[in-house]
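Contents: one structure, followed by commentary.
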Amino acid sequence: MFDVIVIGGGVVGGTILRELTKYKLSVCLLEKENDVCMGQSKANSGIVHAGFDAAPDTLKAKFNVLGNMMMPAYTAELGVKFVNNGSLVVAFSEGEMQTLAQLKERGEKNGVSDMEIIDQEQLRALEPNISEEAMGALHAKTGGIVCPYGLTIAAIGNAMDNGAKLYTDFEVGAIDKNGAVFTVRSTKGETVEGKLVINCAGLASGKIAAMVGDNDIEVKARKGEYILLDRESGDFVSHTLFFTPTEKGKGILVTQTADRNILLGPTSEEMEVASTDTTASGLAFVIEKVRKMTKNAPLFNTITSFAGVRAYSSRHDFIIEESKRTAGVIHCAGIESPGLTSAPAIAKYVVEELVGNIVKLERNESFNGRRKADHYFKDLSNEEKNEIIKNDPSYGRIVCRCEQITEGEIVRAVRENPPAKNVDAVKRRTRAGMGRCQGGFCQPHVAEIIARELGIPFEQVTKNGEGSALVTGVSK
Amino acid sequence: MKNYYDIVVIGGGPAGLAAAIAAYDNGAKDILILEREERLGGILNQCIHNGFGLTRFKESLSGPEYAARFVDGVLARNIEVFTQTTVLSLTKDKKITAINTEYGVFTVEAKAVILAMGCRERSRGALNVAGSRPAGVYSAGTAQKYVNIKGYMPGKSVVILGSGDIGLIMARRMTLEGAKVHAVCEIMPYSSGLKRNIAQCLDDFNIPLYLNHTITRIEGDKRVTGVVISEVDKDKKPISGTEMHFDCDTVLFSVGLIPENELTKGAEIELSPRTRGAVVYQNRETLVSGVFACGNVLQVHDLVDFVSEESELAGVYAAKYVLEGAIEHDGVEVVNGSNIGYVVPQRLDKNIGGNVKLFFRVTNTFRDCTITVKCGDTVLLQRKKKIVVPGEMETLLLTEAKIAQTNGKIEVVLEENV
Ligand SMILES: Cc1cc2nc3c(=O)[nH]c(=O)nc-3n(C[C@H](O)[C@H](O)[C@H](O)COP(=O)(O)OP(=O)(O)OC[C@H]3O[C@@H](n4cnc5c(N)ncnc54)[C@H](O)[C@@H]3O)c2cc1C
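Rendered as structure tokens:
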């Protein structure tokens, strides 16, 4: 019997889980996939928004600004890559320049600091590859970039180090309440019992809400497609470049990522059935917009394209509240952008205010919030590297040549919390396979290490869980 | 350990091995080869099919057999080899930082460095192919490694994009291993593979080759369940209405090789945007004195026989560099003119002496054409050709006497005969 059951291993569920372990509570996380961070938190822009975008007095505005302020310390404690690169909303007309002034005003209302409207010359000085047509920009200096899966995995790993239990491949199919006890049932029939349930199921958060009678929480899907460029082009831009929002939407962004790739996208497409397929038209749209924003975009250095799906609520704001019908259930539903930025602040609020409202919170004195970075070896000095190799020679063996990731780091990813059980899971933790050859060279070797560490036959190693085996059998 | 060598060779594939042997036999005895894999031999180790060495040894060897001749050659000489050692960086003053389990991160210095890192495959990601991203999408070389080295089948029901040699070889390999290969698609109007491979790998097994076709969609959530291929117009844009669907569990991409020049770039050595390899003189010396490049890291060859030949050249001149010192280069540029994709070497230096073989590729299939090497208005060399294709590297030998006539930029052009 757990004190709290968290459903959904995204950044919201993950940061809440970690926040809960700061108190004397027994907690667990239920995730339907084979690894955590398989939903929105995996495929997004990774922007730590400044907070001028959301309408004042919304939950989005409140948690965005708070989350932005928390992010530097939060990521430092967890060893997650975060860069305060600043963002630029770029205007291409006089009309758009006026919109920038409105954005700045809104930002100020929301409590955003350090914003400045800059002219063409200043903009070019900051971003030499900006389009000749760009007229000026709103420079929000508190904008940043973070590795979204790094953040999610680290929060969950740290929660587990502090006693949280993780169930993967556990897709919640039903929630029953008997007296004060919830029985959460997986689609395969396993059960977990607890006193409180927190719904952080992303795209499925509406469905989970319906399981406890809250049929009014409607969550819809909107896809965003991206193109990712090689780190070799990593200095193409240094800030996050946004188009000025119009009635037609926000347009795409051009940004450096926390790992110094260049990320282009996302598109915005409503969907009846969520799918992360990319489309020729979507990718063509991204390219067209990139060419409007910048000149000489190094698209020849494309290493992959992908898509993520935003889960937004029909209220067009975050839904963070106790269930109206079933006491003991808290919903975090429709957490779309800026949900990544907001997550640490949402977690603090949910635990201190909502959970604290139901149970008495008692500090867990042994909580240790620090976590070692998942991939850090490459950036160490030679002396530091040699110190590590002396103790563990597997750090002297490079497995992923593009990203220079060693066997030692891969073994660690499989062994540490939350354990990586498939090739993509190793990739998200270590970057092995994230480089320009996209795993062409290292995948067989990574898979061998996983098989060896987990003690399973090679044929059972998957790309991302059941049904995604890498090979179909032995050769003749 | 020793941290100074006359020559350090980066890469122990066919290029590095041939270069090391040639350097040794030409008087440089203090040589170290750095190889990241467990064994020497490079990509040849996974190419278990025959057809290697026809030019050089006048016999058909498998990849490992061909490699063994050079590995034995290295072992028979007093050449030092570190395997499972990855070079992390190179500087232009020829300091190499590498890593292995035994020495950790270490630095060696060399009088001369030979770059022989080979190439890598372009991945699916580089092409922006639409659809899902399930298991079962591999580059052909990765699939080859699974089948031939690791002993596993990457899939049973296959569609291949790209009719270069690796794609063709894998179509046959997968078929021999019991898989069904439904189609090989090629976006160009011609295959870039060797003619003999089209006959022996596709025709002999009734595998259809769809020219002017590309994959426009990959389907499947966890594992590939199918692909859509479409015909393309002359701008390589898919033509709507031409879609064909195949059920399959595997898609192999064989869509080009890219020289692996990250170390070269790190050392600020100038690269050619055409070959994506270093700019070199005919002795295969890059524009950084004492750094040589050869094999697929310099230009993607069709046949390993040519890799060996080129690498021996690099080895000979690296030894000369070590024994006699740097050459002051007096070079003219060699450029690709009309209908020529690239030419290697990109610089000719009269001081080096000897005849020079020019390697180049044409940009399209041409019948009845003339290839001319000229310097200004002076025609140095002219050859009539019945047919040339981009998939087969062309060569022309420029004699020392002809080179003596040059006084400026040399251009290679192809003209169609009318
Ligand atoms: C294209 C895109 C771009 C974005 N860009 C930004 C940005 O730049 N900055 C920013 O701040 N935010 C951004 N966001 C928003 C941000 O990514 C999300 O707000 C955040 O990731 C939401 O996290 P989550 O935990 O609520 O959801 P998710 O990450 O989707 O997590 C939900 C989890 O629940 C699991 N689950 C679902 N159903 C069940 C079930 N029945 N049983 C068990 N588990 C279940 C899922 O597998 C998943 O792991 C973007 C989002 C998208 C899609």
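Just so you know, the protein sequences line up as chains E and W, in that order.
Everything in the first sequence is counted per my numbering, starting at 29 for the first residue and increasing by one.
Everything in the second sequence is counted per my numbering, starting at 96 for the first residue and increasing by one.
Just so you know, even glycine gets a beta-carbon here, dropped at the ideal spot from N, CA and C.
Of the residues the options, the one placed nearest residue i, counting alpha carbons only
| i | options | result |
| --- | --- | --- |
| E/R46 | E/G397, E/V442, E/H473, E/E415 | E/G397 |
| E/G67 | E/V32, E/G171, E/P176 | E/P176 |
| W/T458 | W/C470, W/V483, W/I498, W/G471 | W/V483 |
| E/S351 | E/I146, E/R429, E/D242 | E/D242 |
| W/I310 | W/P303, W/V327, W/D298 | W/V327 |
| E/T127 | E/A192, E/I145, E/N92 | E/I145 |
| E/K413 | W/G420, W/G471, W/K97, W/G199 | W/G199 |
| E/R319 | E/G74, E/N157, E/R425 | E/N157 |
| W/E428 | W/L135, W/V375, W/F454 | W/V375 |
| E/D204 | E/E487, E/A238, E/M99 | E/A238 |
| W/P354 | E/G495, E/C465, E/V225 | E/C465 |
| W/K187 | W/L170, W/L210, W/G168 | W/L210 |
Chain W within 8 Å of residue i, Cβ atoms only
| i | result |
| --- | --- |
| E/K137 | no |
| E/V337 | no |
| E/S296 | no |
| E/G421 | Note that residue 421 of chain E is Pro in the sequence shown, not Gly. At least one chain W Cβ lies under 8 Å of E/P421. |
| E/Q466 | yes |
| E/N72 | no |
| E/D497 | Rather than Asp, the amino acid found at residue 497 of chain E in this sequence is Ala. At least one chain W Cβ lies under 8 Å of E/A497. |
| E/L116 | no |
| E/G252 | no |
| E/P485 | no |
| E/L482 | no |
Where residue i sits in the DSSP three-state scheme
| i | result |
| --- | --- |
| E/C65 | coil |
| W/V439 | strand |
| E/G501 | strand |
| E/I44 | helix |
| E/K70 | coil |
| W/M265 | helix |
| E/P472 | helix |
| E/K90 | helix |
| W/Y376 | coil |
| W/D328 | coil |
| W/G199 | strand |
| E/R480 | helix |
| W/R228 | coil |
Cut-off 7 Å between Cβ atoms - residues of its own chain near residue i, not counting five sequence neighbours on either side
| i | result |
| --- | --- |
| W/K240 | Q141 |
| W/L222 | V350 |
| W/H340 | G321, V323 |
| W/G471 | G503 |
heavy atom of ligand 2 below 7 Å from residue i C-beta
| i | result |
| --- | --- |
| E/A101 | Here the bound small molecules are ligand 1; ligand 2 is not part of this structure. |
Residues near residue i in its chain [Cβ-Cβ closer than 6 Å; skip 5 each side]
| i | result |
| --- | --- |
| W/A123 | D101, I102, A414, V417 |
| W/E405 | C389 |
| E/L116 | A165, H167, H267, L269 |
| W/T192 | L183, S184, T202 |
| E/G60 | Looking at the sequence provided, one finds Lys at residue 60 of chain E rather than Gly. The residues are E199. |
| W/A162 | G136, L139 |
Short CB-CB distance (under 8 Å) between residue i and chain E
| i | result |
| --- | --- |
| W/G111 | no |
| W/V55 | Residue 55 of chain W falls outside the range modelled here, since chain W spans only 96 to 513, and no answer is possible. |
| W/T150 | no |
| W/S234 | yes |
| W/L183 | yes |
| W/P284 | no |
| W/K290 | no |
| W/T186 | no |
Cβ neighbours of residue i in the same chain (closer than 8 Å, five flanking residues each side left out)
| i | result |
| --- | --- |
| E/G277 | S296 |
| E/R250 | S296, E297, E298, M299, V337, R338, Y340, E364 |
| W/K360 | L366 |
| E/E481 | V439, V442, R443 |
Complete alpha helix (DSSP H) runs within the stretch 352–419 of chain E (minimum length 4 residues, chain order): Runs of the alpha helix (DSSP H) spanning 4 or more residues and lying entirely within the stretch 352–419 of chain E occur at 367–377, 410–419, in chain order.
Complete runs of the beta strand (DSSP E) confined to the stretch 212–266 of chain E [at least 3 residues]: 219–227, 247–257
Positions along the stretch 152–166 of chain W whose CB lies within less than 8 Å of some CB in chain B: No chain B is present in this structure, whose protein chains are E and W.
Inside the stretch 238–298 of chain W only - beta strand (DSSP E) runs reaching at least 3 residues: 252–256, 275–281
Every unbroken beta strand (DSSP E) within the stretch 406–466 of chain W, with a cutoff of 3 residues, ordered by chain: Runs found: 426–431, 435–439, 442–444, 451–457.
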